[in-house]
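S.K.:
There are 4 protein chains.
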Amino acid sequence: MDFTETERIRDLKLRATRFLDEFVIPAEPVYAQQKTEIGPWETPPVMAELKKAARDRGLWNLFLPGERGAGLTNLEYAHVAEITGRSPWIMPEALNCSAPDTGNMEILAHFATPPVQKRWLQPLLDGEIRSVYSMTEPLVASSDANNIDTLITEDADGLRINGRKWWSSGAMSPACKVAVVMGRSNPDGEHHRTHSMVVVPLDTPGVNVLRSTSVFGYSDSGHGGHAEILYDDVRVPRENLLGELHGGFAIAQARLGPGRIHHAMRLVGMAERAFDLMCSRAHERTPFGRPLAEQGVFQDWVAEARIRIETTRLLVLKTAWLMDTVGNRGAAIEISGIKVAAPRMATWVIDHAIQAHGGGGVSQDFPLAELYAQARMLRIADGPDEVHKMSLARRELRRFA
Amino acid sequence: MDFTETERIRDLKLRATRFLDEFVIPAEPVYAQQKTEIGPWETPPVMAELKKAARDRGLWNLFLPGERGAGLTNLEYAHVAEITGRSPWIMPEALNCSAPDTGNMEILAHFATPPVQKRWLQPLLDGEIRSVYSMTEPLVASSDANNIDTLITEDADGLRINGRKWWSSGAMSPACKVAVVMGRSNPDGEHHRTHSMVVVPLDTPGVNVLRSTSVFGYSDSGHGGHAEILYDDVRVPRENLLGELHGGFAIAQARLGPGRIHHAMRLVGMAERAFDLMCSRAHERTPFGRPLAEQGVFQDWVAEARIRIETTRLLVLKTAWLMDTVGNRGAAIEISGIKVAAPRMATWVIDHAIQAHGGGGVSQDFPLAELYAQARMLRIADGPDEVHKMSLARRELRRFA
Amino acid sequence: MDFTETERIRDLKLRATRFLDEFVIPAEPVYAQQKTEIGPWETPPVMAELKKAARDRGLWNLFLPGERGAGLTNLEYAHVAEITGRSPWIMPEALNCSAPDTGNMEILAHFATPPVQKRWLQPLLDGEIRSVYSMTEPLVASSDANNIDTLITEDADGLRINGRKWWSSGAMSPACKVAVVMGRSNPDGEHHRTHSMVVVPLDTPGVNVLRSTSVFGYSDSGHGGHAEILYDDVRVPRENLLGELHGGFAIAQARLGPGRIHHAMRLVGMAERAFDLMCSRAHERTPFGRPLAEQGVFQDWVAEARIRIETTRLLVLKTAWLMDTVGNRGAAIEISGIKVAAPRMATWVIDHAIQAHGGGGVSQDFPLAELYAQARMLRIADGPDEVHKMSLARRELRRFA
Amino acid sequence: MDFTETERIRDLKLRATRFLDEFVIPAEPVYAQQKTEIGPWETPPVMAELKKAARDRGLWNLFLPGERGAGLTNLEYAHVAEITGRSPWIMPEALNCSAPDTGNMEILAHFATPPVQKRWLQPLLDGEIRSVYSMTEPLVASSDANNIDTLITEDADGLRINGRKWWSSGAMSPACKVAVVMGRSNPDGEHHRTHSMVVVPLDTPGVNVLRSTSVFGYSDSGHGGHAEILYDDVRVPRENLLGELHGGFAIAQARLGPGRIHHAMRLVGMAERAFDLMCSRAHERTPFGRPLAEQGVFQDWVAEARIRIETTRLLVLKTAWLMDTVGNRGAAIEISGIKVAAPRMATWVIDHAIQAHGGGGVSQDFPLAELYAQARMLRIADGPDEVHKMSLARRELRRFA
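Chains as they are written, first to last, in the working numbering: chain U, 1 to 401; chain P, 402 to 802; chain S, 803 to 1203; chain C, 1204 to 1604.
1. Under the assumption that M492 of chain P contacts L465 of chain P (Cβ atoms under 8 Å), give the Cβ distance between them as a whole number of angstroms.
2. Is C680 of chain P helix, strand or coil by DSSP?
3. Taking C-beta to C-beta, are A303 of chain U and A353 of chain U nearer than 8 Å?
4. Find the residues of chain U that neighbour P785 of chain P, judging by a C-beta separation of less than 8 Å, and give them in chain order.
5. Using a C-beta cutoff of 8 Å, does D1568 of chain C count as contacting chain S?
6. Please determine, among C:A1256, C:A1576, C:G1586 and C:E1279, the residue with the shortest C-alpha to C-alpha distance to V1017 of chain S.
7. Since R1083 of chain S and A1195 of chain S should fall inside the 8 Å C-beta cutoff, what is the C-beta to C-beta distance between them, to a whole number of angstroms?
8. Assign A958 of chain S to one of two classes, buried (16 or more other C-beta atoms within 10 Å of its C-beta) or exposed (fewer than that).
9. Alpha carbons only, please: which of S:K837, S:S889 and S:L864 is nearest the one belonging to P828 of chain S?
10. So with Cβ pairs under 8 Å, would you call D1554 of chain C a contact of chain P?
11. Taking beta-carbon pairs under 7 Å, can you tell me which members of the stretch 686 to 719 of chain P lie near chain C?
12. Could you name the residues of chain C that E190 of chain U contacts, counting a contact when the two beta carbons are closer than 8 Å?
13. When the cut-off is 8 Å and only beta carbons count, does I1464 of chain C lie next to chain U?
14. What residue range does the alpha helix (DSSP H) around K854 of chain S cover?
15. Find the residues of chain P that neighbour W166 of chain U, judging by a C-beta separation of less than 8 Å, and give them in chain order.
16. What residues from chain S crowd round M791 of chain P, counting only those whose CB sits closer than 9 Å?
17. S681 of chain P touches chain S at which residues, Cβ-Cβ below 7 Å?
18. Does any residue of chain P bring its CB to less than 8 Å from the CB of I1135 of chain S?
19. Compare the C-beta of M1580 of chain C with all C-beta atoms of chain S and state if any pair is closer than 8 Å.
20. Measuring straight from C-alpha to C-alpha, what distance separates A417 of chain P and L460 of chain P?
21. Beta-carbon separation of A1066 of chain S and A1144 of chain S under 8 Å?
22. Checking 8 Å against the spacing of the C-beta atoms, do T1514 of chain C and T347 of chain U come in under that value?
23. Closer than 7 Å by beta-carbon distance: list the chain D residues that pair up with D545 of chain P, in chain order.
24. Please confirm if A320 of chain U has its CB atom under 8 Å from at least one CB of chain C.
25. Name the DSSP beta bridge partners of L1354 of chain C, please?
26. Would you mind telling me which residues of chain P sit closer than 7 Å to A1143 of chain S, beta carbon to beta carbon, in chain order?
27. Just checking: is the beta-carbon of H246 of chain U within a distance shorter than 8 Å of some beta-carbon in chain C?
28. Which residue's Cα is closest to the Cα of G942 of chain S: C:I1583, C:H1486, C:Q1567 and C:A1508?
29. With DSSP as the reference, label N240 of chain U as helix, strand or coil.
30. With a Cβ-Cβ cutoff of 8 Å, do V982 of chain S and I963 of chain S count as a contact?
31. Could you check where the alpha helix (DSSP H) with P201 of chain U kicks off and where it finishes?
32. The alpha helix (DSSP H) that contains R15 of chain U, what's its start and end?
33. Put R130 of chain U into one of helix, strand or coil per three-state DSSP.
34. Going along chain U, which residues have a C-beta under 8 Å from A542 of chain P?
35. Against chain S, which members of the stretch 1394 to 1421 of chain C pass a CB distance test of less than 8 Å?
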């Protein structure tokens, strides 16, 4: 194991932290204010300024390996992702590193045909448009991806899509122009050779964006919400297929590894933000004659929080390092591990920070309640904890069979 | 201990359950729809119909002991409160049994002067107006009520109030007309002889309702939100004092006992609602080849939930019975106990119901996320868990000193 | 629900508590001393004195309903069982109310033929001998009773038993004279019509008591340990069959209900003993300048412990009351519930009492570590938690199918 | 951070693992058998053979940095310590790496006068004798080391020691020849300049080894138990003082850092042993028609265990690396962190392995119950969890003051 903070990592962290402190944190109240002024689904204008500033500072598309992006390893990017998690509604987008665009760009870069790459990947890389990932469905237990029931059929004219999706995050935003859609193309196929993935421009006839679902009362409006979309006999050309026909699972799998590092490290950053708020607050409030910071139960939370944050961060870094060195498959146990460990740690830390803030903690006066909602959602998104634990356990138990 | 379900309790439960099934549950989508149509702080019109129906059926002011109310014991009312918790945004209000009106009516009935009772208690009993309880403050650790810093001074003209409050729930509603305000009147007084409580009409000059704080992303709009109020040199006549000058703590204490039974039993009802949703859903969803209802981890949640709900319910019933037989003081350990146990149980059950619903669980398609926010808030409101545990422990440890 | 502490219950509690304080607690050091002096499996002589004293005071066979015993309801006896749990190695035996004799006496009273009752039930009721229940087996997952593999075959001479059992508690004691053995008699029979139960005198040829298994490091020597027994072609007459041939499951089931009340209430008593020790100790120790009793984290444990003990006690009392009024079947959910809740609560409370005692807590200087081992064992004995949760959940989920 | 598994670490792990598999695991039943044959406090003879084999293979004194030992870094040794934890009663001693000898050798090497080093350090390094660390006292809350009350006074003849200690581990063994004793020498001194540490040969007049305390029911007999020792006017020459007079706290502190790495890594190894046992067993047992390995609740435990083990191991490795690079002080938060995290993780994993083994789990047929007792003890030894959490939290909160 080698998590050495190389010179390169130290430099990246320094630059990202400066950007956070000098641009992002000061922009938070501006962003919040602008959100109340523009329509519900528009992106606050300050975002364009932040994007420009980030790009000027070389903090752009850091998530993307290889020539198209910044060429960082997963381990290197992980450190940046943590810092972006301190302001999770603003900084990832400012750096063009926010989900689901990151995952979509990755699979477009690997699996899309050249015309599709030109049409959709380039503007995404330039932060000019946003995209949506249409996988989860309201009518089936999507925690088991085999259940996905949207139909993709092939005919002479290309591909035809019929089905209903939800949690298509971002699609309420006018800036969101294109979807990656997973559907069943081969009902009787072999295991994991049953589904395909296609690129669907959102202005294609038959694409009906119906409404947005909320996350604990929050609409995630700045990001374009979480749309329910009816794909009603939508037709796209064959070139919009990603990878092979019926090869959707392999693409979904490839997409997941890095995405989990990103989510997990952002959660570490979210937890650190909550930790800072909790510790600062504790010096300012004095219930029962002593500052909260000197009270035993509160100190217990601080110690627990530090232990949980630190152990989780280490596991994510190890996972990133494994992905860099032995690949997704060799890191499978750890990838499942962080998918479970990181949101749980973050919800724990944030929940205790809320409690330490009293009524303020659940309100809009601190980011804590919304951080909680985000972190809690991540115990469900991309598969609930239980599925990842099952998968991890089966892999371990195989060794003893 | 005698929790016998008397004939009277059975009758009450039957009538309340019928009202829930025939009126309240069907009204839920209507209420939700109307909320989207009226301005943010208005009460949905269906509420008036429900109130009338409840009153016609003798389900009115059941919370209030003695002649003014239904004359129920705490134990008897507890059973009703559980049923109202199944639809906590609608049924308590429909029965004129919702916080903070219930607590306010109780203290008005016990401690207000006759003119104040006539002016404010009667319309509250009739469900014509709503009221607010102004205790918590944004600038101090209000978990320790000694910190409350709003100033109440007496002069020849009466009482003068200066201070800032928040979590003054309900005050955003146009129907809300009067506040009960706690403030410091005797800074150098003996322990618990430092604060007073006064009745303040909301249209008094100097009462500035500034904004509402949210609970996670929810505004509790139907109920009139949670207001921040600046009391800026507000003057009320001496007759608006509740009880004795500097006797505010005793009143606050008297208010709390029954309130905790109400909250705790509603939480039991909220948990039962989540339990039902979780169990029903589990028969409908089939991840990985077997219905969720047949999967081990899910069954474990069901068993845990049932054990937690049942044990908590029993503790609340015992507490109610103790209050009826030996009074608040004799029930002090149990009152602290349910303040801690009930919201914790409910958040646990609801959180697992959310997880069992996947994305639907955090969304507006099920009441679960909003139930969670309510239950979580109750680990803070009326004093955070930690304060009640400290108080319970000190009482126990005294026996061994 | 009616848990009224009747005059009769109050009287029982008073007498049992007096016996505890005046006889049992003072006998604890004597018992411990005698154990070091006699051989490993003998009963300390003080037990005979305690038995006599208990019998003289009408505290004898209280567990047994009907004419043969004290005629108490389950609810009435539950209160006594809690008190016996405060000294679980001495008081239950002193009152002739200790497992497995209690369960064995119950089934002998219900299901044995008259000659067997005369030969074995009477001396057990008189506390002259002890008995063993041979169910669990080392070679199969006995948490699923269907796996039990000891063979019981019938021929012209009677019944023949072949198999290996362990956790046959008490059989190491010279006072233990008879076993109740469960075995497979009907391999191809219908569900729950496959096993039989027989009475086997321990001096029957072929009964080989091989060794004792320990619980953590404790041998439970005073009680006769936990024996592994090889039944090697053991023959008993047909009259030794309990109930019907192949009717063993029904008997096992009947045995379990009351047994779970007994165990659960003793666990409540064990937890109360640990609670008392923890609270007393906290006034005597002063780490970091303040008595432990005034430190926040410790107070948190006290409050948690009180809440957990109280809620669990209430659930056990409700279960006892249900068994008295609607029978085992109507109380099935609650019986499973207390089987899970009581040992968990007790291990939690005792574990924290250990922690509050530091090194003393794990040592022989306090009963805490041995109480922990007992309580922990009860998360496994009579079926592990997981089986009971599964059973409870299935029953609940059926309502929603 | 750089946890790179260097060539040297890989080689060490390989050799240690081979020694475990080829010598230690096969010696376990021999050791157990010999323990039943020799008197209670003797070391089983097989240990001498194992020590020789280890020394022959260069697996000797690996814990000790610098020339006297193997010259390993903390990070390098940590990997070995984990492997020794798989057989914690045998392998550490076989490698001359068992507590409290390791810590004693470290402080003798750093702080003893040359004659004391010659007399006591050398035979310890050669594994010829064992030693004891006498710190904890039965009469005070030793979790706060300031409470330590044994008196050390200086006069013309040297040092005089009076006091009572317990948990002086190892002193029941005839092989144990010397104690390191901490006592109060300067009652009115400044903070942390109040205590001294001295070397006391166990055959000095006035040293009374009174009895041994057990851990749950285990006596740790192979290791010489845990002695209560009365130091009754014991006199030693001035040269037996370790370091400066009144400088005991600094020595105790220096001793603790590496010791915590050792304990924590052994706990990781203990947890891995339990994990292996649990997973193997799960393929062999089939309750309710499916192997335990295929049941959801069990799989959940496996995943949880893996996540907890892995995150804890990473934190310990990071701590070791920090100690190697920035020293004890720079690693203070992490040292406290692993003191809390490792025993908690291990007790969790072992407890679930016990549960998966049913009755076998608590018995002598598997090492699980004794592993649990060891791990549980380590939540108390060297200071209870609560003290380390307090210390960690204070350090963190200082940043926000």
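Quick reminder that beta carbons are idealized off the backbone N, C-alpha and C, glycines included.
M.R.: A quick look at the data gives this:
1. Rounded, the Cβ-Cβ distance is 17 Å, inconsistent with contact.
2. helix
3. no
4. Q355 and G358
5. yes
6. C:A1576
7. Contact flag wrong, Cβ pair sits at about 39 Å.
8. exposed
9. S:S889
10. no
11. Q696, G697, V698 and D701
12. Simply none; closest approach about 22 Å.
13. no
14. V848 to D858
15. G760
16. G1098, Q1101, D1102 and A1105
17. F1202
18. yes
19. yes
20. 7 Å
21. yes
22. no
23. In the structure shown, chain D does not exist; the protein chains are U, P, S and C.
24. no
25. C:N1365 and C:R1387
26. I708 and T712
27. no
28. In the sequence as displayed, the identity of residue 942 of chain S is Val instead of Gly. With distances taken between Cα atoms, V942 of chain S lies closest to C:H1486.
29. helix
30. no
31. Premise fails: P201 of chain U lies in the beta strand (DSSP E), H195 to P201, not in any alpha helix (DSSP H).
32. E7 to F19
33. strand
34. R285, T286, P287, L292 and G358
35. T1416, S1417, V1418, F1419, G1420 and Y1421
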